[in-house]
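Chains as they are written, first to last, in our numbering: chain R, 370 to 674; chain E, 121 to 443.
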């Protein structure tokens, strides 16, 4: 399965949440690789805690590969290379977890047929080895997104199950921007259709992930004054209304990730140790990501509504 | 065939073999394999059916002009062509090999392309290369600006993998590709082939250092290395599948999900040395002695069969208990 992580704006926690998803799927036994197509700001090495990767990827990362400057994209085995205390030992039953880092050294992107072929070849080689390929795209309508849409429209990749996660924060602006990214004039669907995708099939493969959503039922909010709480509930309802009106109501949402200090402040992997032992992360976040990881692979949550 | 200038000076040979499962749900027939590996219209695909099915593509050439990967970091330019070929064993295991011969001394200046094209599959140094630095360097140095033979082999795998008419990409088991880097130097006069080193490195890399009798055709060495790579891949994949799935758990269906594809697609592929040139057969004897590839393989196969037998007994007992 191929999963693209997209967002219209930055600050949605797209990368860090996707990395957590990849990690959780690997813990469940999937062989997972994570491709950092966010060429503007590659964050994956930091989140996986592999400090040397940025240097190593110079001239050998995905950017250089797609531009034809290196014949092969660098692969980094996360279990073997991470300096993260918990990740260092691959748990028994866990699948492979491999990072293909991006690099900034590949020069300007050339949007030609050659890079499209290289992208298809890469995915074709990866699908022999991995059952989950997660591709993190940069925010907004990017070259990487166009490449993703063109590549998946090619005959070679037609048979590969492809899914899109569109991340947005739970605010009016973000909800509108996310809807526009998908169904807007130059959005994923219209761009995809012009590249040869079937509209309904593509729409059925797109789900939204709400990020940094305050969970009003949690103890965190039990201390706020009643008037403020009522106001927050009102805002929440209004947002639901807006989202539904834009066609991204609950049925199109794969899951929500709560407002989580560890994701916001530290941008790190959340392990069971963070939740159970040191308690720096909330159990709700751990559960939310687990639920997302499960639904990601569950056909029941996908397809046209 | 050796050119006159090579009869006195040693000629090294280097190459890389990539081995992976064919991206298809079933094994291809010989006819399909022939179509898949028809890399050139002016040359035949070789098909053999005894012992075991093996289909070999014609050779293709890739022009290169870059630095030799030398262990002493000296900057010597190499110009010429790298030869590549693909092989499909039992319609199941796909291999791409890229390789070249390298005389330790070449012309002092870069020659026009015609000169190099007259020596297909040969990478000529501009000047001299130290023999051991070249052999060591090829097995260790992977640097920007140096010869990247893996990319050539990978490009061939990718080219074959694009054959959407024959491939459905629905592999019965996920497995990693392996890369075998090999170098061969001529043995002392009168001496036979020998294996100087075989190591397993990280990320699926294996390195092999060989000595081969003078005058051995490079394709014979390539054939040996493909055979080594194929059997090493089988061992690697079996170990990975058996070790990573905690058997002993009561979940019988999970066990069968792992073992089923191994039985269906891999167990019958073991046939070490079957297609290896007779002059190089001694290398397999060494490997069978230590570390003993076949010994390990038979233990793994036995493990698969024991697990299956155990599952059969357990399910029978369960049926009796519930019935």
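A virtual CB, placed ideally from N, CA and C, is assigned to each residue, including glycine.
As the structure is a prediction and not an experimental result, all values here were calculated from the model.
Sixteen is the threshold: when 16 or more other Cβ atoms of the shown chains lie within 10 Å of the Cβ of residue 144/E, as they do, the residue is buried.
Residue 398/R places its beta carbon 7 Å or farther from that of residue 431/R. Counting every other CB atom within 10 Å of its CB across the protein chains shown gives residue 361/E a total of 16 or more, marking it as buried. When CB distances to chain E are screened at a threshold of 8 Å, not a single residue of the stretch 587-608 of chain R falls below it. DSSP lists 184/E and 243/E as the bridge partner or partners of residue 200/E.
Chain order gives the chain E residues near residue 529/R as 289, where near means a beta carbon separation below 8 Å. Membership of residue 340/E in the alpha helix (DSSP H) is indicated by the continuous run 338-363. Pairing residue 234/E with residue 244/E, the inter-Cα distance amounts to about 13 Å. Within the model, the alpha-carbon separation for residue 410/R versus residue 423/R is close to 11 Å. Contacts with chain E at 7 Å (Cβ-Cβ) do not include residue 521/R. DSSP, reduced to helix, strand and coil, places residue 577/R within a strand of the structure shown. The Cβ atoms of residue 177/E and residue 147/E do not sit closer than 7 Å to each other. DSSP places residue 542/R inside the alpha helix (DSSP H), whose first and last residues are 541-552. Going by DSSP, residue 151/E is part of no beta strand (DSSP E) but of the alpha helix (DSSP H) stretching over 150-156. Not a single C-beta of chain R is nearer than 7 Å to the C-beta of residue 136/E. Contact of residue 651/R with chain E by beta-carbon distance below 8 Å is absent, the smallest such distance being about 30 Å. Between the alpha carbons of residue 423/E and residue 499/R lies a distance of about 25 Å.
In the displayed model, residue 499/R falls within coil according to three-state DSSP, outside both helix and strand. For residue 663/R, the closest Cβ of chain E is not nearer than 7 Å. Closer than 7 Å to the CB of residue 441/R there is at least one CB belonging to chain E. Residues of the stretch 284-315 of chain E that bring their beta carbon within less than 8 Å of a beta carbon in chain R comprise 284, 288, 289, 290, 291, 294, 295, 296 and 297, in sequence order.
Under the Cβ criterion of 7 Å, residue 428/R is counted among the residues facing chain E. The beta-carbon separation of residue 389/E and residue 354/E, rounded to 6 Å, stays under the 8 Å limit for a contact.
Within chain E, the residues placing a beta-carbon under 7 Å from that of residue 500/R are 294, ordered along the chain. In terms of beta-carbon proximity, residue 452/R stays away from the interface with chain E, with every pair separated by 7 Å or more. Rounded to whole angstroms, the Cβ separation of residue 179/E and residue 301/E is 19 Å, and the two are not in contact under 8 Å.
Below the 8 Å Cβ cutoff, chain R contributes 494 as neighbours of residue 277/E, in chain order. For residue 396/R, the enclosing alpha helix (DSSP H) begins and ends at 383-396. Burial is judged here by how many other beta carbons sit within 10 angstroms of a residue's own beta carbon; residue 496/R has at least 16 and is buried. By DSSP's assignment, residue 405/R forms a beta bridge with 505/R. For residue 400/R, the residues of chain E that pass the 9 Å Cβ criterion are 294 and 296, in the order they occur in the chain. For residue 135/E, the enclosing beta strand (DSSP E) covers residues 131-141. In the three-state reduction of the DSSP assignment, residue 491/R falls in the helix class.
DSSP assignment within the stretch 423-489 of chain R yields the following whole beta strand (DSSP E) runs of 3 residues or more, N-terminal first: 466-469. Selection 548/R, 659/R, 404/R and 462/R evaluated against residue 373/R yields 404/R as nearest (Cα-Cα).
As summarised for the stretch 212-274 of chain E, the continuous beta strand (DSSP E) elements at least 3 residues long and confined to that stretch are 213-223 and 243-245, given in chain order.
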